[in-house]
Every structure is written in C-alpha cells, then in structure tokens.
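Below: one structure, written as structure tokens.
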Amino acid sequence: MNGLLTSAVAGLTAGGAYGLLGVCAVFTYRLVAVVNFTSAAIGTAGTFVLVVLNEAGIPLFPAVLCGLVAGVIAGVAIGLVMTKWFAESNASTKAAVTVALLVGIVAIGLRLTGGQHPHHFPDLFSGSAMRLAGVELTISSLLTIGLGVAFTILADVLLSRTRMGLHLRALSERPMAAELIGVPVQFLSILVWGITGAVTAFSLMIIAPQRSPDFMSLSLLVVPALAAALIGLFRSFWMTLIGGILIGVVEGMTSVIGGLNQYRGAVPFLIILAVMLWLQRGARWDEAR
Amino acid sequence: MSRMVVSELRVDRVHLPVVREVSLSVESGQISVLLGANGAGKTTLLEGLSGVIPVAGGKIEVDGHEIQRQRPGARVGAGLAHVEQGRTVFRQLTTNENLRAGAASASDVKKAYELFPELLPRRDVLAGLLSGGEQQMLVIARALAGRPKILLIDEMSAGLAPTIVRRLMTTVRKLADQGLAVVLVEQFAVLALAVGNRAYVLRRGKIVYDGACAELRDAPDKLHQLYLGSGS
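Pasting the structure below:
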C-alpha cells in the first residue's frame with residue numbers, strides 16, 4: 001500500500017507537467033483555435049538547446065534562459081505558419097497541419113540530436129521539498145503543480161478581466177471579424193504562440209530527466225497533454241490541470257502494479273477513449289430525444 | 001469631411017477576376033448603394049475595400065491616403081469599418097462584450113446602446129442567442145463603436161423581417177445624415193434606393209450604372225435591364 005502511495009506521489013511531477021502542457025494546449029485552442037500537436041515538440045526543442053549548451057560547458061542558468069528563448073522562437077515560428085497561411089482554415093485542417101509540422105520537427109530533431117544518442121539531462125530542481133504521510137514530495141513535483149496553478153490563474157484572469165483577454169476571445173472565434181474591428185490579430189496570435197512556447201519548454205525541462213532522453217519520446221508527451229485538455233473539454237483550465245495531475249498519478253500507480261506496469265504508457269490513450277465515449281453517450285441521448 | 005475614392009480596382013478570387021476596373025467614390029453624409037444580381041461581385045468588392053481579400057490592381061484612397069496595400073487592421077485605423085454579411089457576432093461573448101471589443105472607449109459603448117436601445121436589456125446575453133435582428137444591430141453598433149469615417153455594410157437585410165429591415169435602413173440614413181460615409185450592398189434594391197444618394201450597379205464585376213438613386217427608384221424597368229444586361 002505504501003509502495004502504491006509512493007508511486008502515486010512520484011507521478012505528481014509528470015502529472016504536473018502534463019497538466020501544465022494541457023493548460024497550454026487549452027490556452028492555444030481557446031485563443032487561436034488550434035489543437036496544437038507540436039506543443040511538446042516545441043518544448044523539446046527548447047530543452048535540447050539547454051542540454052546541448054550545458055554539455056558544451058555553459059552554466060545551467062544561462063543555458064535554461066537560452067532554452068526558453070529557443071522555445072519562444074520555435075513557438076513563434078509555428079505561430080507564423082498558422083496565422084499567415086491557415087488563419088481562416090477550419091479546426092480540423094489546422095490540427096492536421098500541426099500533425100504534419102510535428103512529424104517534420106521530430107525528423108529534424110532526431111537528425112540534429114542524434115536519435116538515441118544519450119544526452120545528460122540536468123535535473124533543474126533535484127531534491128526533496130517535504131515529507132507527506134511518510135512519502136517524499138520532490139521540489140520538481142511541487143514546482144510543476146505550482147506553475148500549473150499559477151498559469152491557470154493567470155490565464156483565467158487574462159481572459160475574463162482584461163481588454164487583451166476580451167480581444168483574444170474575439171480573435172479565437174472569428175479572426176477576420178476581430179481584425180475588422182481593429183483587434184491586433186497577428187500580434188496577439190504570435191504573443192500566444194510565444195508564451196506557450198516558453199511555458200512548454202520549461203515544463204519539458206523539468207520532466208525530461210525522468211523520461212527517455214530522445215527527441216521523439218519527449219515530443220510525444222503531447223499525447224497525455226491533449227488527454228488532460230480533453231478532460232477539461234478544451235475549455236476549462238482547472239479541469240485540464242486536475243486531469244493532467246490525475247493522469248500522472250495513475251501512470252505512477254500502474255508502474256508498481258505487476259502486469260500493468262508495462263502498459264503505463266497506454267494510460268493517456270485509455271483516458272482519451274473514456275472521455276470520448278462519455279461525450280458520445282451525451283450525443284446519442286440528444287439524438288434519441 | 002471624409003472621402004474614399006476607388007480607381008480601376010481589380011479583385012480576384014482563385015486567380016479569376018471577379019471585380020474589374022471598378023471606380024467609385026463615397027463621401028461623408030452620403031449613402032452609396034451597390035446593386036447587382038447574385039454573383040455580380042458586390043461582396044468581393046467590399047472585401048477588397050476592407051482588405052479581407054487582397055486587391056489585384058487599382059487604388060483605394062481614404063482622405064488622400066492610399067490604403068490598398070494595408071492589412072484590414074490598418075484600414076480600420078484609416079477610418080474604414082466593414083459589417084460583413086452573415087451577422088458575424090462573436091457568439092461566445094455577450095452583447096456588451098461584443099461592443100467593448102470594438103469600442104475605443106466606454107462612451108462609445110454607451111452611444112451604441114443609444115443608437116439601438118433594443119440591445120440594452122440584452123447586454124448580458126450571449127450574442128449567439130440573440131435574434132437575427134438583434135445580431136444585425138449588434139454588428140452595426142460594434143462597427144460604429146470604433147468611430148469609423150466610412151462604413152461598408154454587406155447584405156444587412158438578409159433573412160430579417162421587413163419591419164426590422166426598415167428600422168435598420170432608417171438608422172443607416174440617420175448615421176449618414178450625422179456625417180458618416182456609407183457603402184451599402186443590398187439585395188432589396190427598392191429599400192436601398194429609398195435611403196441612398198448614389199447608386200452603382202455591378203454586372204459581372206463591372207460597374208454598368210453610376211448615378212442618382214432617385215433615377216433608378218423611379219425607373220424599375222431600367223434597373224431590371226441593368227441587372228440582366230441589354231440582351232434580356
């Protein structure tokens with residue numbers, strides 16, 4: 001029982017990162033109407049910049065800053081593609097474009113980073129923060145959850161209380177109608193892509209040391225992130241954050257259950273399936289009515 | 001006193017010329033009515049003027065400044081507002097939020113409610129839940145909240161009850177009398193000609209009539225002939 005609890009708590013770091021990535025996915029979807037499959041790949045690019053610079057002897061702090069800047073640049077580059085050529089496309093076309101971009105980024109990333117060639121991922125926040133019911137809570141897990149909560153509060157306040165948030169909500173619904181009333185559509189869109197680029201890069205930097213250290217595995221962390229976003233129905237930041245944390249905890253728990261541990265990677269898929277079935281159930285009821 | 005002068009404008013869709021060598025002008029206090037059969041190029045012309053579609057040739061000048069290469073947002077800054085067809089409200093925003101999104105200041109929102117008092121009791125209702133007439137009032141009010149000098153309105157009456165259309169037409173006339181320049185694209189020619197000053201008839205992307213609204217209002221046969229061409 002104690003082993004299960006320890007594993008559940010160990011899953012909090014991953015869960016916090018999933019939650020934060022999920023909140024970024026909802027942020028991007030709600031504000032620029034894109035289900036962004038490249039988010040984790042953008043963060044991975046930033047993380048590898050950190051790793052490569054650190055391996056080259058650059059101290060950790062400046063290397064982290066450079067990684068964050070790389071995340072912003074990668075996010076803005078994807079944002080430029082989406083706003084320049086696909087601003088008026090429908091949601092499925094935009095999602096398909098980001099899948100294509102993900103494939104391209106992973107291919108280039110694997111080429112540049114040497115595929116399975118081992119890299120040393122520095123642990124940015126190693127150590128224990130506190131003990132809870134006999135279980136160690138790491139600084140990483142508290143930090144990712146704290147960041148997730150902070151980003152969620154900021155996003156909520158931005159959208160509901162500020163003029164910029166009002167413009168972003170208008171932009172997400174009808175980009176051209178928003179531009180026709182003077183909303184600075186391009187600037188705001190690029191700002192959203194840049195912010196999510198930085199946040200996803202930071203999330204990946206925290207979670208990367210616990211993961212398979214190759215570009216593709218880290219880029220595919222978009223799957224649990226989108227599963228978390230789905231729990232929030234791509235609308236609620238809080239439900240997404242909680243969903244992400246739960247996915248991490250369930251993943252952690254399955255790692256110590258014999259026979260289930262080899263399937264822990266399937267947890268997000270099962271959650272996506274369960275949420276989709278739940279939504280379908282509502283649709284069928286409506287139709288029958 | 002504001003003035004928009006359009007010279008030899010060409011607008012393409014999918015590399016095909018839809019609007020060809022169109023020249024027109026509109027100035028403060030005037031309503032210029034754009035008429036024509038379906039597919040004549042009226043909406044494409046408005047979209048070219050506001051920047052929704054890039055223009056392929058020609059010039060658009062607002063108060064002497066060329067704007068044809070600017071993005072739609074910059075043209076808004078030049079004083080242009082475009083009320084698109086299809087009542088493009090932000091459905092997930094309330095009436096008040098729609099107005100605030102387009103307003104330069106709180107007083108502009110207040111003025112919008114004075115112009116359309118019908119919207120005041122609906123201020124906290126999601127725009128997607130408003131009636132068609134209310135949505136049309138909202139998109140016009142939202143465009144006006146940005147204090148434009150020139151207002152382009154596309155198919156304002158589509159799908160609305162005749163009483164609402166008359167109400168909107170009266171309001172547009174009032175706005176022009178207060179100094180706004182209006183370009184009105186309208187399927188209901190009779191209603192538009194009743195409030196307009198100058199009429200343009202488009203056929204296959206070209207202007208085939210440029211003259212007073214009164215002349216066409218009093219000669220429905222001529223209007224019919226202009227719509228369909230001399231061979232009909």
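Top to bottom, those sequences are chains P and W. Numbering-wise (the UniProt record's numbering), the first sequence opens with residue 1 and increments by one. Numbering-wise (the UniProt record's numbering), the second sequence opens with residue 1 and increments by one. Even glycine gets a Cβ: it sits at the ideal position worked out from N, Cα and C. All values derive from a computational prediction rather than experimental measurement.
- Using a Cβ-Cβ cut-off of 8 Å, W/Pro72 is close to Met176, Glu179, Leu180 of chain P, given in chain order.
- For the pair of segments examined, the stretch 34-42 of chain P was found to touch the stretch 71-80 of chain P: the number of CB pairs separated by less than 8 Å reaches three.
- In the DSSP assignment, W/Asp221 is bridged to no other residue.
- Residue-level contact by beta carbon fails for W/His224 and chain P, as no gap is shorter than 7 Å.
- Residues Gly51 of the same chain have their beta carbon placed closer than 7 Å to that of W/Arg71, with the five preceding and five following residues left out of the count.
- Among the CB atoms of chain P, none fall inside 7 Å of the CB of W/Gly57.
- Neighbours of P/Arg169 across chain W, judged by C-beta separation under 9 Å: Phe90, Gln92, Leu93, Glu97, Ala101.
- In this model, P/Ile190 and P/Val72 are separated by some 10 Å (Cα to Cα).
- Note on geometry: alpha-carbon atoms of W/Gln92 and W/Ala101 lie some 12 Å from one another.
- Taking 7 Å as the threshold, the shortest C-beta distance from P/Leu166 to chain W falls below it.
- Scanning chain W for C-beta atoms nearer than 8 Å to the C-beta of P/Pro213 yields nothing, as the closest lies near 42 Å away.
- Here DSSP, grouped into helix, strand and coil, assigns W/Met156 to coil.
- CA-to-CA, the gap between P/Gln280 and P/Leu102 works out to about 28 Å.
- Against P/Val64, chain W offers no close residue; the least beta-carbon distance is about 36 Å (beta-carbon pairs closer than 8 Å).
- Where W/Glu8 is concerned, the enclosing beta strand (DSSP E) starts and stops at 3-13.
- Neighbours of W/Arg142 across chain P, judged by C-beta separation under 7 Å: Ile181.
- Going by beta carbons, P/Phe37 and P/Thr98 fall inside the 7 Å limit.
- For the pair P/Ala129 and P/Ile139, the CB atoms are nearer than the 7 Å cut-off.
- For P/Glu173, the nearest CB of chain W lies under 7 Å from its own CB, placing it at the interface with that chain.
- When secondary structure is reduced to three states using DSSP, W/Lys111 falls in the helix class.
- Every beta strand (DSSP E) stretch that sits fully inside the stretch 79-152 of chain W and reaches 3 residues is listed by chain position as 80-83.
- For the pair P/Ala96 and P/Val35, the CB atoms are not nearer than the 7 Å cut-off.
- When secondary structure is reduced to three states using DSSP, P/Thr138 falls in the strand class.
- In terms of beta-carbon proximity, W/His82 lines the interface with chain P, with at least one pair separated by less than 7 Å.
- Selection W/Thr88, W/Leu168, W/Ala103, W/Asp108 evaluated against W/Phe188 yields W/Leu168 as nearest (Cα-Cα).
- Here the stretch 22-31 of chain W makes contact with the stretch 177-195 of chain W; the two share three or more CB pairs at distances below 8 Å.
- Shown here for W/Glu186: same chain residues with a beta carbon closer than 6 Å to its own, the five before and five after excluded, namely Ala192 in chain order.
- Residue environment for P/Leu277: exposed (fewer than 16 other C-beta atoms within 10 angstroms of its C-beta).
- P/Ser236 carries a coil assignment under DSSP once its states are collapsed to helix, strand and coil.
- Counting other Cβ atoms within 10 Å of its Cβ, P/Asp214 reaches 16 or more and is therefore classed as buried.
- As the crow flies, the alpha-carbon of W/Gly79 is around 12 Å from that of W/Glu66.
- 7 Å or more divides the Cβ of P/Gly22 from the Cβ of P/Gly248.
- With respect to P/Ser7, P/Gly197 sits apart: the two C-beta atoms are not nearer than 7 Å.
- For P/Pro59, the secondary structure class from DSSP, reduced to helix, strand or coil, is coil.
- About 6 Å separates the CB atoms of W/Ser7 and W/Gly58; that is less than 8 Å, so the two are in contact.
- For the options P/Ala266, P/Arg264, P/Ser255, the alpha carbon positioned closest to that of P/Gly3 is the one of P/Ser255.
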